[in-house]
Amino acid sequence: MSISSLLLASVLAAIPLTLILAAIPAGWRSRRVSLTEQQRWRFAWLAASIVAVLTGTAIALSLWLPEQPSAWLSHQPLRLTLLVLLSVMALVIVRFSRRYLASDPGFGRYLRWLLLTLAAVALVFISNHLLLFALGWIAISLALHQLLMFYPERPRAALAAHKKFLLARLAETSLLVAFYLLWQQHGTANIDTIISAYQAPAALSLNEQLAAVLLALTALIKCAQLPVHGWLIQVVEAPTPVSALLHAGVINLGGFLLILFAPLFLQVPAAQWLVLVVAGLTTLLAALIMTTRISVKVRLAWSTSAQMGLMLIECAAGMVELALLHLLAHSAYKAWAFLSSGAAVQQHIQQSLLVSPAPGLRDWWLALLPAALIVTLAAMASVLLHPAGQMLSGWLLVLLALTALLAQSRAGLISTLLLSTSLVLAYSLLKTLMQPLSGGLAAELRPPLLGTIDLWLTSLFALLFALAWLLRWRRHWPLVQRLAQTLFAGLYLDEWFTRMTLRLWPARLPLRANPKQLSTASSNTLIAAEGRKEQCL
Numbered sequence: 001m002s003i004s005s006l007l008l009a010s011v012l013a014a015i016p017l018t019l020i021l022a023a024i025p026a027g028w029r030s031r032r033v034s035l036t037e038q039q040r041w042r043f044a045w046l047a048a049s050i051v052a053v054l055t056g057t058a059i060a061l062s063l064w065l066p067e068q069p070s071a072w073l074s075h076q077p078l079r080l081t082l083l084v085l086l087s088v089m090a091l092v093i094v095r096f097s098r099r100y101l102a103s104d105p106g107f108g109r110y111l112r113w114l115l116l117t118l119a120a121v122a123l124v125f126i127s128n129h130l131l132l133f134a135l136g137w138i139a140i141s142l143a144l145h146q147l148l149m150f151y152p153e154r155p156r157a158a159l160a161a162h163k164k165f166l167l168a169r170l171a172e173t174s175l176l177v178a179f180y181l182l183w184q185q186h187g188t189a190n191i192d193t194i195i196s197a198y199q200a201p202a203a204l205s206l207n208e209q210l211a212a213v214l215l216a217l218t219a220l221i222k223c224a225q226l227p228v229h230g231w232l233i234q235v236v237e238a239p240t241p242v243s244a245l246l247h248a249g250v251i252n253l254g255g256f257l258l259i260l261f262a263p264l265f266l267q268v269p270a271a272q273w274l275v276l277v278v279a280g281l282t283t284l285l286a287a288l289i290m291t292t293r294i295s296v297k298v299r300l301a302w303s304t305s306a307q308m309g310l311m312l313i314e315c316a317a318g319m320v321e322l323a324l325l326h327l328l329a330h331s332a333y334k335a336w337a338f339l340s341s342g343a344a345v346q347q348h349i350q351q352s353l354l355v356s357p358a359p360g361l362r363d364w365w366l367a368l369l370p371a372a373l374i375v376t377l378a379a380m381a382s383v384l385l386h387p388a389g390q391m392l393s394g395w396l397l398v399l400l401a402l403t404a405l406l407a408q409s410r411a412g413l414i415s416t417l418l419l420s421t422s423l424v425l426a427y428s429l430l431k432t433l434m435q436p437l438s439g440g441l442a443a444e445l446r447p448p449l450l451g452t453i454d455l456w457l458t459s460l461f462a463l464l465f466a467l468a469w470l471l472r473w474r475r476h477w478p479l480v481q482r483l484a485q486t487l488f489a490g491l492y493l494d495e496w497f498t499r500m501t502l503r504l505w506p507a508r509l510p511l512r513a514n515p516k517q518l519s520t521a522s523s524n525t526l527i528a529a530e531g532r533k534e535q536c537l
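Using UniProt numbering, the first residue of the sequence shown is number 1, and each one after it goes up by one.
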């Protein structure tokens, strides 16, 4: 390895190491040495600033040094792009935490686990070795668990952390088995070497196909897809910066995994359709359930589940550039949405007082619905007649979304159309920019059965649009009322999953009013009750 390659590898390794070293004084506890909150926060802020500088240095060195720096670390464009996202999120969240948790007795403990979580995420991003990747993946879950249990006296927080802990172990087991199969197949643990073996279509062995299915399963669990989504909805009990970190960075790791291993994943139809079916249904149901919620943070949590489903669909459809763009945009938006959630209610009240509803809102929506349905049917007919043609479901989703925007917008028709045109142009330009950053997936690796995939996605998007219209304008119909009640209960999926989890692995939950020790039976009853109460959030 040359000196320049060693320098780049050292810069990459220094990113997680800096965060780990800063976590020691930030969370230091000693009778002899007592640090103030300001001093603890300065250690965290200094570490986040150094990480930002190191990330910029790594990008500059990678442009000057195109070859691979080492067998353990990678500076591929996809990884560096996500490192930039991580450094920005670290600065924002650490800055926000200074006032949000001011005077909290657990501030030092919070900073310690926050920095360790960020270090583990950085390790996953830069890892070019299966073992290092797996260690970082496991460390993320263990460190995040401590953040989710920041308020251990809250029953729902403990319930969510318990379910998340068990699901994380399942995802890690799936990931480790997949990595073992890939290592056994290729005789190397170098990730770039393994991925390079799938740059062209080839006949895959049973081990490789099973590894792809396990990677897809890991991504689905990590992205909180139905029916293992309940913990994501309930972790809103954690501090707001923790929710921002979870929804803006950690939850996206499933998408990163599929984008990274896309050359293998897209050659296994079983893995591809597993994601298309589970993530597709999650997108449909979570988007509808979100509309029945009142709590700002709970609505955002359901939105995350739906957005992660859509991102995984993009991965399974071979649109890895769009998936990377979706990942970055969603992270930035959700970080802002959670950190500003405290002012959302006040802003809504101000807008409702200052701005009157747009005239003819209902008429616009009703007038545009037939046109949207005609276009939907035409798109489905085009898919059936031209199964090998270009995918139309993505553009159909854009059309339906713009139709709803135009129907509900307070702006005029021309303003809305100009905004829509600008968004479409921006999407096209950004997608082109994302192509080299996502690894440049070869054209022959794109899914060959676009007609079948297109028909499935078109049906989901059309159903989503139709049900959303019914829930908005036909709520007085008895069947629609029953549908709304079922959606408000989350289709009772989380209650079923909670009961099953408690049977497999019982747990104790704290009581606010009565802190006495509970028996296992009474604890299980409490967890089930908390699971039912969560449906009413």
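Glycine included, C-beta positions come from ideal geometry on N, C-alpha and C.
No experiment lies behind these values; they were computed from the predicted model shown.
Figure out for me which residue from the options has the closest Cα to the Cα of residue i.
i	options	result
A197	N207, H186, S205	H186
L167	P510, F497, L509, R508	F497
I313	S341, Q39, K164, L284	L284
Q272	T452, H145, L430, L504	T452
F43	L460, P25, A58	P25
L463	F265, A248, L288	L288
A507	K163, L441, Y151	K163
G230	Q485, L493, S422, L115	L493
A332	L91, P105, L35	L91
L396	W456, L433, F338	W456
L257	T117, A316, T304, L479	A316
A58	P105, L46, T81, L206	T81
A203	V268, H145, I191, L400	V268
Q225	G309, A401, L176, R169	G309
Tell me the DSSP secondary structure of residue i in three-state form.
i	result
L226	coil
S5	helix
H75	coil
H129	strand
D104	coil
M89	helix
Y427	helix
W456	helix
A293	Here residue 293 turns out to be Arg, not Ala, going by the sequence shown. Note: R293 maps to coil in three-state DSSP.
G451	helix
F96	helix
S28	According to the sequence shown, residue 28 is Trp rather than Ser. Here W28 sits in coil by DSSP.
F265	helix
A200	coil
Spatial neighbours of residue i within its chain, please: C-beta separation below 6 Å, excluding the five flanking residues on both sides.
i	result
A119	P16, L19, I20
G254	A219, K222, C223
S87	V51, A52, T55
Q435	E321
L73	A9, L12, I126, N128
A178	A211, L214, L215
L182	I194, A211
K297	V236, S341
residue 573	Here the chain covers residues 1 to 537 and nothing more, so residue 573 does not appear.
I3	none
L61	L8
N514	Confidence in N514 is poor, its pLDDT being 42 and thus under 50, which makes the residue's placement unreliable; the coordinate value appears in the next sentence. There are no such residues.
Residue range of the alpha helix (DSSP H) that residue i falls in?
i	result
F165	155-186
F338	320-339
I59	37-64
E237	No alpha helix (DSSP H) contains E237, which DSSP labels as neither H nor E.
G254	253-260
G280	269-290
W302	296-316
A484	478-488
E495	493-504
D192	191-196
Short of 7 Å in beta carbon distance, which residues of its chain neighbour residue i, apart from the five on each side in sequence? Order them along the chain.
i	result
S438	L78, I259, V320, E321, L324
G136	A120, L123, V124, S127
W505	L166
G360	Any reading at G360 is ruled out, since the residue's pLDDT is 45, under 50, leaving its predicted position unreliable.
W302	I233, A286, I289, M290, R293
H75	L8, L12, A58, S62, P69
Given residue i, which residues of its chain have a CB within under 8 Å of its CB, disregarding the five upstream and five downstream residues?
i	result
T188	I194
residue 557	This structure cannot speak to residue 557, because the chain is shown only from 1 to 537.
G318	A262, L266, L441, L445, R446, P447
R475	Q481, A484
S49	L91
Would the C-beta of residue i count as close to the ligand GDP, meaning under 7 Å from any of its heavy atoms?
i	result
V177	For the ligand GDP, the structure offers nothing, since it holds no ligand at all.
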